[in-house]
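Participant: Can you read through this structure? Questions will come right after.
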Amino acid sequence: MRALQFSEYGPADVLHVAEVAAPHAGPGRVRIAVRASGVTPADTYLRSGRFGERLSLPHVPGIDAAGVVDEVGEGVTGVRAGDEVFGMVDLALLGGANAEFAVLTAWAPKPAALSWEQAGGAAGNVETATRALDLLGVGDGTTLLIAGAAGGVGTVAIQLAAARGAKVIGTAGPATQDFVAGLGAVPVVYGEGLGDRVGQVDAVLHCAGTVPDLVAITGSPDRVVTIADLSGEHGIRLTHTAGGPGADPQALHGLEIAAELAVQGKFTVPLAGVFPLAAAADAHRLSETGHAHGKIVLV
Ligand SMILES: NC(=O)c1ccc[n+]([C@@H]2O[C@H](COP(=O)([O-])OP(=O)(O)OC[C@H]3O[C@@H](n4cnc5c(N)ncnc54)[C@H](OP(=O)(O)O)[C@@H]3O)[C@@H](O)[C@H]2O)c1
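Pasting the structure below:
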């Protein structure tokens, strides 16, 4: 099969399309013929070596995808060959989605309301946003601040939080205010004086930007959950699923919830860019600007 891969750590140019052996669905898994798959910042960190040289090379990147089921592993019920699904690969492999075929460990039916591109980039950010919102106890009446609201996770988190009945405030750059407002958040510009512009909030989800202002806004580090600050310096809760001490279980129930919200017209996946597999280096470069608006997807 055709797959994106890299054989050495380095800049985006190390990415190339290669012919590799297709994976097969083991017990509890399904294989899909991929129609679209996501690019996340973590894919770029793994490729560059910023996360350490921990992969077995060559490596096929990508953690989420959407496509048509073509193999159903032993013990799997409720899904058949020909079904359209979106979902995630085995996290322990740290990749495998940016390919012609991918094996999923978690999935939900693809709602017709999401295009293949939107569904292909949905699962990872939905899982992450759901996990963080659950940890923060976001529900009806919560006032939630999302720092980094215009990114892949932020755009999804706005909508999932609003669907829970939260009032959402989202930080973004001056050029991205309308984009964030269109997803259901009150936009505020990040940077100096943020606390004055935001007022009082119950909880903060940190996806981008500086942390100390956010702790000051809630008055307590206990009300801030980060997905992006790995420093451990601010006393706030980091949530991740990378294994080892402190890893959280995946919030996979979010996939069905997001699919249902999409059917109701209450959830979409804004696309920052759609690139053919052969132009994946451009997709990684866009991610590396730190200013992608929505999700980056490969087809
Ligand atoms: N721990 C986990 O489980 C987990 C899971 C997924 C992602 N992550 C991490 O979480 C982070 C966010 O992921 P993502 O996919 O949402 O990234 P992304 O899509 O690359 O985020 C880009 C967004 O960040 C915004 N941004 C840049 N600087 C900002 C600032 N100073 N204040 C507020 N917003 C700012 C940009 O908005 P403007 O252009 O308007 O500035 C842009 O829309 C990444 O570091 C990623 O590695 C962690």
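Residue numbers for the sequence shown follow my numbering, so the first one is 7 and each next one is one higher.
Using N, Cα and C, we set each Cβ at its ideal position, and we do this for glycine too.
Which residues end up in the neighbourhood of ligand 1 when you take C-beta atoms closer than 6 Å to any of its heavy atoms?
Facilitator: Those residues are 46, 47, 48, 134, 153, 154, 156, 157, 158, 159, 160, 177, 178, 179, 182, 196, 213, 214, 215, 233, 234, 245, 246, 247, 293, 296, 297, 298 and 299, given in chain order.
Participant: Thinking just about the alpha-carbon of each residue, which of 243, 74, 204 and 124 is nearest to the one in residue 252?
Facilitator: 243
Participant: Which residue from 151, 39, 235 and 16 puts its Cα closest to that of residue 110?
Facilitator: Ranking the options by Cα distance to residue 110, first place goes to 39.
Participant: According to DSSP, is residue 108 helix, strand or coil?
Facilitator: In the displayed model, residue 108 falls within a strand according to three-state DSSP.
Participant: According to DSSP, is residue 218 part of a helix, a strand, or is it coil?
Facilitator: helix
Participant: Please report how far the alpha carbon of residue 107 lies from the alpha carbon of residue 101, in whole angstroms.
Facilitator: 12 Å
Participant: Which of the three DSSP states is assigned to residue 188 in this structure?
Facilitator: DSSP places residue 188 in helix when its eight states are reduced to three.
Participant: So, helix, strand or coil for residue 193, using DSSP?
Facilitator: strand
Participant: Would you grab the beta carbon distance between residue 300 and residue 161 for me? Rounded to a whole angstrom, and I think it's under 8 Å.
Facilitator: Indeed, because the Cβ distance is near 5 Å, the residues count as touching under 8 Å.
Participant: DSSP puts residue 173 in a beta bridge; with which residues?
Facilitator: 149
Participant: For the alpha helix (DSSP H) holding residue 76, just list the boundary residues, first then last.
Facilitator: Taken as a continuous stretch (DSSP letters only), residue 76 belongs to no alpha helix (DSSP H), being part of the beta strand (DSSP E) at 70-78.
Participant: Leaving out the 5 sequence neighbours to the left and right, which residues in its chain are closer than 7 Å to residue 57 when beta-carbon positions are compared?
Facilitator: 51
Participant: Per DSSP, residue 113 forms a beta bridge with which residues?
Facilitator: 93
Participant: Where does residue 154 sit, in a helix, a strand or coil, going by DSSP?
Facilitator: coil
Participant: What's the gap between the Cα of residue 96 and the Cα of residue 202?
Facilitator: Linking residue 96 to residue 202 through their CA atoms gives a straight-line distance of about 43 Å.
Participant: Could you check whether the stretch 161-173 touches the stretch 272-280, counting it as contact only if at least three pairs of C-beta atoms, one from each stretch, sit closer than 8 Å?
Facilitator: Result yes; three or more Cβ-Cβ pairs closer than 8 Å.
Participant: Please classify residue 30 as buried or exposed, where buried requires at least 16 neighbouring CB atoms within 10 angstroms.
Facilitator: exposed
Participant: Express the C-alpha separation of residue 84 and residue 200 in angstroms, rounding to a whole number.
Facilitator: 48 Å
Participant: So residue 259 is in the alpha helix (DSSP H); what residue range does that whole segment cover?
Facilitator: 259-269
Participant: Which residue marks the beginning of the beta strand (DSSP E) containing residue 246, and which one marks its end?
Facilitator: Residue 246 -> no beta strand (DSSP E), and no H or E assigned at all.
Participant: Indicate the three-state DSSP secondary structure (helix, strand or coil) for residue 295 in the structure shown.
Facilitator: coil
Participant: Are three or more beta carbon pairs between the stretch 138-151 and the stretch 115-123 nearer than 8 Å?
Facilitator: no
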